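Asks: Throughout, the numbering used here is defined as the position within the sequence shown, counted from one, plus 4. Positions of the beta carbon are idealized from the N, C-alpha and C atoms, including for glycine. Since the model is a prediction, treat every value here as computed from it, not as a measurement. This structure is in structure tokens; I'll ask about it shortly.
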Amino acid sequence: MVLEQQEEQTIQILEKFVRELKQQDKASTPQLVIQQVLYWTDCHPRLIQTLRQLILQSESPINPNQEQVYVEQLVKQYLIKNWQTQKAAEQLQKIHTQLLNNQNCDPFWLLLSYKQILQADDLAYNSSNEQQELLKLRLVIKRQEKLRVYNRIYQEVFNSTWLKKTLGDLRPYAKEISAWLDSNCQDASQLLQGEALNQALNWTKSQGQLNHQEDKFLISSQVFNLRGA
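Spelled out as structure tokens, the structure:
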């Protein structure tokens, strides 16, 4: 029911947009403009509204056969490039803040869950707290019990490069534990050793309760170090 209401809302927004394009004589083929807007937003109502405003406010007309290039340039200029400071990218800034200051999930594990979805493209829904929170933030979408990143704009902004840096800011051993978990906890080469292990253990002093997977990783690292001593 919610999805049906959202689709109806999206259709109404786009119908209005087509009328505005015609009234302003902005594009010779408005439907091709709509096609490109949907390509980037995948029916996300707020992003559609943002692109609609950017297109209508732009002084440049959309020349025939230039719909793809025109919309792509606007997306990259106002929503992807320097998204942290662009006024049009407020929706992206909001999601970023909600991810890193999340009150329902540890941001590190929330982002690791997002990483799985980003890498898999279509990941089976398992109703974990992290997956439910990502759905609530509308960073991902569920279709036929599969999860994927909501749209191409989010994929471009919250990409693997952003993930690597952000995860690294949240945990000093982000790369290692991520790879260890990806190996189903079998790749001993990812376990911490020597000074890296000591730094990690010192870091935990100010962190309170850790996730059970994190406890297992640190315990396994300590046992591995003793065994190899």
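#1: Which whole-angstrom value describes the C-beta separation of Glu134 and Trp113, a residue pair presumed to lie in contact below a C-beta threshold of 8 Å?
#2: In the DSSP assignment, find the alpha helix (DSSP H) that holds Arg56 and state where it starts and stops.
#3: Measuring alpha carbon to alpha carbon, tell me which residue in Ala93, Ser164 and Val73 is nearest Ile52.
#4: At which residues does the alpha helix (DSSP H) containing Leu42 begin and terminate?
#5: Work out the CA separation of Lys98 and Ser164 for me, nearest whole Å.
#6: Where do the N-terminal and C-terminal ends of the beta strand (DSSP E) with Lys119 fall, by residue?
#7: If you draw a straight line from the C-alpha of Ser32 to the C-alpha of Leu103, how long is it?
#8: Measuring only the C-alpha atoms, how far is Asp29 from Arg50?
#9: With the cut-off set at 7 Å, would you say Leu246 and Trp87 are in Cβ contact?
#10: Report the rounded CA-to-CA distance for Asp191 versus Asn202, giving the unit in angstroms.
#11: Would you list the residues sitting across from Lys150 in a DSSP beta bridge?
#12: From Val41, Leu42 and Leu36, pick the residue whose C-alpha is nearest to that of Asn69; which is it?
#13: What first and last residue would you give for the alpha helix (DSSP H) that runs through Lys168?
#14: Exposed or buried, what is Ala178 when buried is set at 16 or more other beta-carbons lying within 10 Å of its beta-carbon?
#15: For the alpha helix (DSSP H) that contains Thr101, what are its first and last residues?
#16: Assuming Leu185 and Gln148 form a contact by the criterion Cβ under 8 Å, report the distance between their Cβ atoms to the nearest whole angstrom.
#17: Pull the bridge partners of Ala31 from the DSSP assignment, please.
Replies: Reading from the atomic positions:
#1: Residue 134 sits at position 130 when you count from the first residue of the sequence shown. Residue 113 sits at position 109 when you count from the first residue of the sequence shown. Going by Cβ atoms, the distance from Glu134 to Trp113 rounds to 6 Å, so yes, they are a contact pair.
#2: In the sequence shown, counting from the first residue as 1, residue 56 sits at position 52. First-last of the alpha helix (DSSP H) with Arg56: Pro49 to Gln61.
#3: Locating residue 52 in the sequence shown gives position 48, where the first residue counts as 1. Of the listed residues, the one whose Cα sits closest to Ile52 is Ala93.
#4: As a first step, residue 42 must be located in the sequence shown, where it is residue number 38. Per DSSP, the unbroken alpha helix (DSSP H) holding Leu42 starts and ends at Pro34 to Thr45.
#5: As a first step, residue 164 must be located in the sequence shown, where it is residue number 160. As a first step, residue 98 must be located in the sequence shown, where it is residue number 94. Going by the C-alpha atoms only, they are around 19 Å apart.
#6: The sequence position of residue 119 within the sequence shown is 115, counting from 1. According to the DSSP assignment, Lys119 belongs to no beta strand (DSSP E) but to the alpha helix (DSSP H) extending over Pro111 to Ala124.
#7: In the sequence shown, residue 32 corresponds to position 28, counting from 1. In the sequence shown, residue 103 corresponds to position 99, counting from 1. Here the C-alpha atom of Ser32 lies approximately 41 Å from the C-alpha atom of Leu103.
#8: Looking up residue 29 in the sequence shown gives position 25. Looking up residue 50 in the sequence shown gives position 46. Asp29 and Arg50 have their C-alpha atoms roughly 24 Å apart.
#9: Only positions 5 to 233 of the chain appear in this structure, which leaves residue 246 out of reach.
#10: Working through the sequence shown from its first residue, we reach residue 191 at position 187. Working through the sequence shown from its first residue, we reach residue 202 at position 198. Approximately 20 Å, taken between the alpha carbons.
#11: Stepping through the sequence shown from its first residue, residue 150 is reached at position 146. In the DSSP output, where bridge partners are listed per residue, Lys150 has Ala128 and Arg147.
#12: For the purposes of this step, residue 69 is taken as the residue at position 65 of the sequence shown. Checked all of Val41, Leu42 and Leu36; the closest Cα to Asn69 is Leu36.
#13: Working through the sequence shown from its first residue, we reach residue 168 at position 164. Lys168 -> alpha helix (DSSP H) spans Ser164 to Leu174.
#14: In the sequence shown, residue 178 corresponds to position 174, counting from 1. Counting every other CB atom within 10 Å of its CB across the protein chains shown gives Ala178 a total of 16 or more, marking it as buried.
#15: Counting from 1 along the sequence shown, the entry for residue 101 is found at position 97. For Thr101, the enclosing alpha helix (DSSP H) stretches over residues Glu94 to Leu104.
#16: The residue you call residue 185 lines up with position 181 of the sequence shown. The residue you call residue 148 lines up with position 144 of the sequence shown. Rounded, the Cβ-Cβ distance is 26 Å, inconsistent with contact.
#17: Within the sequence shown, numbered from 1, the residue matching residue 31 stands at position 27. Here Ala31 is bridged, per DSSP, to Ile66.
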